[in-house]
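Visitor: Chains as they are written, first to last, in this note's numbering: chain W, 6 to 375; chain E, 75 to 362.
1) Could you check which residue in 84(E), 310(E), 204(E) and 327(E) has the C-alpha nearest to that of residue 109(E)?
2) Which of helix, strand or coil does DSSP assign to residue 283(W)?
3) Does the CB of residue 88(W) have a neighbour CB from chain E at under 9 Å?
4) What residues in the segment 225-252 of chain E bring their beta carbon closer than 9 Å to a beta carbon of chain W?
5) Using alpha carbons as the reference points, say which of 136(W), 262(W) and 45(W) lies closest to residue 222(W).
6) Do residue 297(W) and residue 251(W) have their CB atoms nearer than 9 Å?
7) Taking Cβ positions, are residue 210(W) and residue 262(E) nearer each other than 9 Å?
8) Looking at the C-beta of residue 125(W), does it have a partner C-beta in chain E at a distance below 9 Å?
9) Which residues in the same chain have their Cβ closer than 7 Å to the Cβ of residue 357(E), if we skip the five residues on either side of it in sequence?
10) Note down, in chain order, every chain W residue with its Cβ under 7 Å from the Cβ of residue 283(E).
11) Got a sec? Which residues, its chain only, sit under 7 Å from residue 165(E) by beta carbon, not counting five neighbours each side?
12) Relative to the C-alpha of residue 341(E), which residue among 255(E), 293(E), 254(E) and 167(E) is closest?
13) When the Cβ atoms of the segment 317-337 of chain E are set against those of the segment 239-258 of chain E, are three or more pairs found closer than 8 Å?
14) Could you tell me which uninterrupted alpha helix (DSSP H) segments, each at least 4 residues in length, are contained entirely in the segment 176-259 of chain W, listed from first to last along the chain?
15) How would you label residue 196(E), buried or exposed, when you count the other beta carbons within 10 angstroms and need 16 or more for buried?
16) Are any of the Cβ atoms in chain E nearer than 9 Å to that of residue 14(W)?
17) For chain W, is any of its Cβ atoms less than 9 Å away from the one on residue 348(E)?
18) Under a three-way DSSP split, which group does residue 290(E) fall into?
19) Would you say residue 324(E) faces chain W, with C-beta separation under 9 Å as the test?
20) Please list, in chain order, the residues of the segment 263-292 of chain E that have any C-beta partner in chain W closer than 8 Å.
21) Assuming residue 181(E) contacts residue 230(E) (C-beta within less than 8 Å), just tell me the rounded distance between them.
22) Out of curiosity, what's the CA-to-CA distance linking residue 201(E) and residue 107(W)?
23) Locate the alpha helix (DSSP H) running through residue 127(W), then write down its first and last residues.
24) Considering only DSSP beta bridges, list what residue 80(W) is partnered with.
25) How many angstroms separate the CA atom of residue 304(E) from the CA atom of residue 298(E)?
26) Answer with yes or no whether the minimum CB distance from residue 21(W) to chain E is below 9 Å.
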């Protein structure tokens, strides 16, 4: 039994089976009070089912869900103090903004004066004080978003669930809403559980992120941990951009491996993941583009630096994207490797067909045995 | 050129509708209006006047029949709504994708048989020597045959049976357009079953409800066959009065006037219903 007060939400070995399909498989986690927690995973990984169980729309096949220390397994959805922002928001179109926000308060039997005060207060807090009498159809996408959150927050929930609510917005608005959601979470000081398949949303906003795949939690950690210290190959491949080489281990030595890749390269990397590879095992090596430096080879031969992997190649194309520009380099085996570059717009910039040397630290070559 | 083709295709598409509405709706009604506004003063001598309408209001049997028809039609509409809503809700929201088509089809199948045949079916079941009476006697529940026909309850039942489909169809189409998340949001924000039904599902389905009610009320108030066959002489349905004037008494003037009174009455009821629910014809019938 945990000490109850410090966690807003605890899931204890929660599973959900649909027939023979294990949609959610033995998931356990705790969310501390007032934090922003994201569940990140590809479509169909079970994250929506997990959230519907927390909200009470699905009954877990086994396991326990506790909110503020009390089990809610037998509590119907309308009695749980967990509110949810739906994917398409599910604002009530036949009610105006005021009525939408007042709905929950009415259900709880609040008096007219209390309702009016609370609705106006929450509209102030989401900085939309003048929209109370608007119809839902008259709101912009971002405003609808905020109303949907206000409709939940006015009820002082213990936990707010958000089911990919930014999915329907256009890119620009989504970027703005990311920051806004984070600010709203700080302002309301409520635990947010955010479900998404968009890693940048999860990384930017969250205090903690759980990576989910195939119904299981693969890793839980801060965004930095997930990005820099992935515990499993799935996390390394799923979070952020990465280059991947598959190969066979040719040498193992105190946490370092030498990998002979399928394309004929020899790379050194550090071992990650739960299983330590032996010589002859198949491993995947992951390297993020920002750790790879691309330099023109300019005649001189690459010298093997102790802490570096180096390979030669030819620039295939430039992926210009302002500060996030990349080059695609083709090595001798014909593999394409992504590397971050700084493009300043002058003569020094890399151009297609340039011969380059790619180098990156061995410590950033993360090798996993699957 | 392009514009001419567009115009031509529009005219061709519009022509059948225009012909139908002028030849079968507007012209006959103008003729009827003309007939209803002339009084017979001598054989083949007519005068313009409102005598036929005055006649209607001066004879209590006439407007009593109309009020009775109107109130019973409202009752039928209400019953069709109460019975049809759960069915429509089940088809639109609870049944699976595949079951939905089959259920819809099952609602439609009775329409393949003509009104008349279905009414005779009811007669076979409910007359004094019919299936129900005989079965009850055989089971020993009653010891003498009972006549189930020719009373108001049977008429109402028959009318609900014939019109309920027209309630279900618009309801299914509006409820189908409702996102399930909206119902879940209703629960999630603290509403219990009745609250969600009253505050979310019914307001959302209102256009469908009103449009179904309009159609059912119109069909019921204007129906002739079912009240006559199941209600017999006691049914006192207003359409029967109109039939009497035209066919039995050969008094076309009075019949035409009654027809217009019925039209005005049903229009008034529907207008009142729309005002009461805050809907317009645009948001209801035109949408579903």
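Glycine included, every Cβ here is placed at the ideal spot set by N, Cα and C.
Guide: According to the data block:
1) 327(E)
2) coil
3) yes
4) none
5) 45(W)
6) no
7) no
8) no
9) 281
10) None at all; the shortest Cβ gap to chain W is about 12 Å.
11) 174, 177, 178 and 246
12) 293(E)
13) no
14) 176-193, 204-210, 228-233 and 238-243
15) buried
16) no
17) no
18) helix
19) no
20) 263, 264, 265, 266, 269, 273, 274, 277, 278 and 280
21) The Cβ separation is near 20 Å, so there is no contact.
22) 56 Å
23) 117-130
24) Its beta-bridge partners do not exist; DSSP assigns none.
25) 10 Å
26) no
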